[in-house]
Structure formats: structure tokens, C-alpha cells
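Residue numbers 14 to 340, in the working numbering, belong to the letters of the sequence shown in order. Just below is one structure, and these are the notes that go with it.
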Amino acid sequence: MSTFPARRPRRLRTTPQMRNLVAETEVRPSDLILPMFIVDGLDAPREIPSMPGVYQHTFDSLRRAAEEALEAGVPCIDLFGVPLDEDKDDTGSVAWDPQGILNRGISCLHEEFGDDLIVMADTCLDEFTSHGHCGVLDDKGRVLNDESVKLYQDMARSQARAGAQIVSPSGMMDGQVAAIRADLDEAGHEDVAIMAYSAKYASAFFGPFRDAVGSSLEGDRRTYQQDPRNFRESLLEAELDIEEGADFVMVKPGLPYLDVLSAVAETSPVPVAVYQVSGEYAMVKAAAANGWIDGEAIMLESLTAFKRAGAGQILTYFATEAARLLK
Numbered sequence: 014m015s016t017f018p019a020r021r022p023r024r025l026r027t028t029p030q031m032r033n034l035v036a037e038t039e040v041r042p043s044d045l046i047l048p049m050f051i052v053d054g055l056d057a058p059r060e061i062p063s064m065p066g067v068y069q070h071t072f073d074s075l076r077r078a079a080e081e082a083l084e085a086g087v088p089c090i091d092l093f094g095v096p097l098d099e100d101k102d103d104t105g106s107v108a109w110d111p112q113g114i115l116n117r118g119i120s121c122l123h124e125e126f127g128d129d130l131i132v133m134a135d136t137c138l139d140e141f142t143s144h145g146h147c148g149v150l151d152d153k154g155r156v157l158n159d160e161s162v163k164l165y166q167d168m169a170r171s172q173a174r175a176g177a178q179i180v181s182p183s184g185m186m187d188g189q190v191a192a193i194r195a196d197l198d199e200a201g202h203e204d205v206a207i208m209a210y211s212a213k214y215a216s217a218f219f220g221p222f223r224d225a226v227g228s229s230l231e232g233d234r235r236t237y238q239q240d241p242r243n244f245r246e247s248l249l250e251a252e253l254d255i256e257e258g259a260d261f262v263m264v265k266p267g268l269p270y271l272d273v274l275s276a277v278a279e280t281s282p283v284p285v286a287v288y289q290v291s292g293e294y295a296m297v298k299a300a301a302a303n304g305w306i307d308g309e310a311i312m313l314e315s316l317t318a319f320k321r322a323g324a325g326q327i328l329t330y331f332a333t334e335a336a337r338l339l340k
């Protein structure tokens, strides 16, 4: 009687039920966070050409899309605000104006859904500055770190007042988490959490996002976002953010940086998120539209890769679509 081979791993792949029985990784709707865009001055939602299926929202369409996400099982929205061009200035002051578009969007969702929906707010100035950078500039066009962090404090405090349960500083300024945490606590917002964009790379995968927010960027962000050639500094950035009081740390982008995600997840004592960015989403949508790939299968496979690498939370424009399939 032949004993070759003694081990047959295929035995555990024979049927769908068998494969489900031994599956090591599971993506749940509750793992997903949906980024959304509220735009000042719109009278109807507007699809973003480079991100099919993703919209710039009015207040009404924002509420409807958030309700659809919640019904699908997505518990959290990450909200970005896009002001009128004439409201942009050198410091991005509309970012902390209570009547600014982002703070009104936060209030809209909080009043509509209360604690049923977690509202996270993007805490960065790039959508609000006339130059498109994530902070204020000196006379040579360089982003000033400490002066920008002070404005992040103003922005986070206004977002907390508007009803955000999580603020998410994404500007990659040194010391931003500690400064925001101290300011929120002093203002009585001890329960507002911070999701730190800890390892955020100066990536070409962000391209379609700049269409989504009507970016006014002049130049690039390589002096403050990380160099894609580097790995170790991501561990340092995450470590610093945790020491400063971050409740979550994040890696962004996603699939091109799974090695970074895995390493951060291995050592982090706080939840680790990953952001599947606009370029990742756009590539899947474009290839699927051309019939080159199975879009739904690629979508779910990519989300599984994030979970397998150690992510607890996944920010993805696929969130509602994926949650429906997962349910």
C-alpha cells in the first residue's frame, strides 16, 4: 500500500464548507471604514471621474449614502470636506470654522445617526489651504511644523465640538498627536479618539484623491510624507504616535506597503488600520470595467490581504459594496 504522500493538504480544500472551517482570516463588515466627501455649493451629488462609484456629496446624499453603509454593516465614516475655492486661504482657516463645510458635514451625520454611526473626521489642512499643502508655509514655501500643529489643534477641537468621535491627523507633522491629545483633553473632549496616520508615504497612488478634493497643491509633499524607499522609519513613526497617545495607528497606502503594515501590526499595542487609497480603488475599477479581472473577487482578495497582514480596520472606498457581499 502506497504511503506517498503522507501529508495531503488538499484534504482541507475539498469543499466550500471545509475551506470555511479552516479559514485563518475573516473580513467582517464591522472592520470597514468608508471615506466620504462633502462638498460645499453642490446641488446634486457628483461622481468623481477617476473613482467610478464614489461621489462628492451634498448633505442629503451624504445622509443617504451613510445610511446605506450603516445598513450594510459598515460602522464608521471617515469624512473629508471640500470648501469653495474662494474660502481657501494661506492657513486653511475655514477648517476650524463651525460653519465650514467639514464641520457642518460632521454635525449633519452626528445629528442624523447619533451613536449608531461612528463619525471620523480628517484632520488636515490640505483641502482648505490655497496652496494645497498640509500646513502653513514660510516665505520660501516650506511647510512649518510647529505652526501647523497649532492649527491642527484648532481643527480637531472644532471637529470634536461638531460631533466627531474620532479625529484623524493625516498631515505627518512631528508631535501632532501629542498636541491634539493635550488640547482635546483640556477642552473636555477626553472621549474623542485619535487615529494617527503614522506611516503615510509620499505615494503616486494618491492621484485620484486629489480629484476628489479639488486639490490646489503646488509642488509635492516629500518633505513631510515618508519616502517610499524607507521601512524602519514607519516603525519609529508608529512608536512615537503611540507614545503621544494615539488610539489607533494607520499605514497608508495599503497593498504596496503590506510589509510595513505587517511589521507595525506585530508590535503595536493599539489597533492598526490601513487605508486602501484612491489609486488602488481606481485600478481595480478600471481593470474590471475593461473585463480584464473579476472586480468583486479582487476587491475581496485585497481586503483579505490587509487582514492577513494584521490590519484591524480597513479604510476603503469599497466599504459598502464589500460589506453587502460579506453579509
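Beta carbons are placed, not taken as given, at the ideal position from N, Cα and C, and that holds for glycine.
Of the residues the options, which one's Cα is nearest the Cα of residue i?
i, options, result
"residue 149", "118, 102, 170 and 334", "102"
"residue 327", "337, 338 and 315", "315"
"residue 175", "212, 117 and 36", "117"
"residue 205", "18, 247, 128 and 142", "128"
"residue 123", "255, 167, 144 and 72", "72"
"residue 241", "218, 257 and 259", "218"
"residue 191", "17, 256 and 313", "256"
"residue 169", "196, 292 and 273", "196"
"residue 92", "131, 28 and 310", "131"
"residue 36", "45, 25 and 46", "25"
"residue 189", "199, 203, 114 and 208", "208"
"residue 97", "55, 262, 243 and 88", "55"
"residue 270", "17, 239 and 134", "239"
"residue 48", "79, 193 and 19", "79"
"residue 166", "193, 339 and 31", "193"
How is the alpha helix (DSSP H) around residue i delimited, first residue to last?
i, result
"residue 146", "Where residue 146 is concerned, there is no enclosing alpha helix (DSSP H), given that its DSSP letter is neither H nor E."
"residue 262", "Segment 261 to 265 is the beta strand (DSSP E) holding residue 262; no alpha helix (DSSP H) there."
"residue 333", "332 to 339"
"residue 86", "No alpha helix (DSSP H) holds residue 86; DSSP gives it neither H nor E."
"residue 224", "220 to 225"
"residue 32", "29 to 35"
If the criterion is Cβ atoms closer than 8 Å, does the pair residue i and residue j meet it?
i, j, result
"residue 329", "residue 335", "yes"
"residue 266", "residue 294", "no"
"residue 69", "residue 95", "yes"
"residue 178", "residue 136", "no"
"residue 58", "residue 74", "yes"
"residue 317", "residue 82", "no"
"residue 284", "residue 220", "no"
"residue 184", "residue 161", "yes"
"residue 237", "residue 290", "no"
"residue 247", "residue 273", "yes"
"residue 215", "residue 245", "no"
If you follow the beta strand (DSSP E) that residue i is part of, which residue opens it and which one closes it?
i, result
"residue 50", "45 to 52"
"residue 213", "206 to 213"
Using DSSP's beta-bridge definition, name the partner residues of residue i.
i, result
"residue 67", "Answer by DSSP bridge pairing: none, since residue 67 is not bridged."
"residue 92", "49 and 134"
"residue 102", "142"
"residue 60", "68"
"residue 156", "150"
Mapping the DSSP letters down to three states, classify residue i as helix, strand or coil.
i, result
"residue 183", "coil"
"residue 134", "strand"
"residue 239", "strand"
"residue 270", "helix"
"residue 327", "strand"
"residue 289", "strand"
"residue 244", "coil"
"residue 123", "helix"
"residue 315", "helix"
"residue 299", "helix"
"residue 111", "coil"
"residue 307", "coil"
"residue 20", "coil"
"residue 177", "coil"
"residue 234", "coil"
"residue 203", "coil"
"residue 40", "coil"
"residue 275", "helix"
"residue 162", "helix"
For residue i, would you say it is in contact with chain D, using Cβ-to-Cβ distances shorter than 8 Å as the test?
i, result
"residue 117", "No chain D appears in this structure, which consists of one protein chain only."
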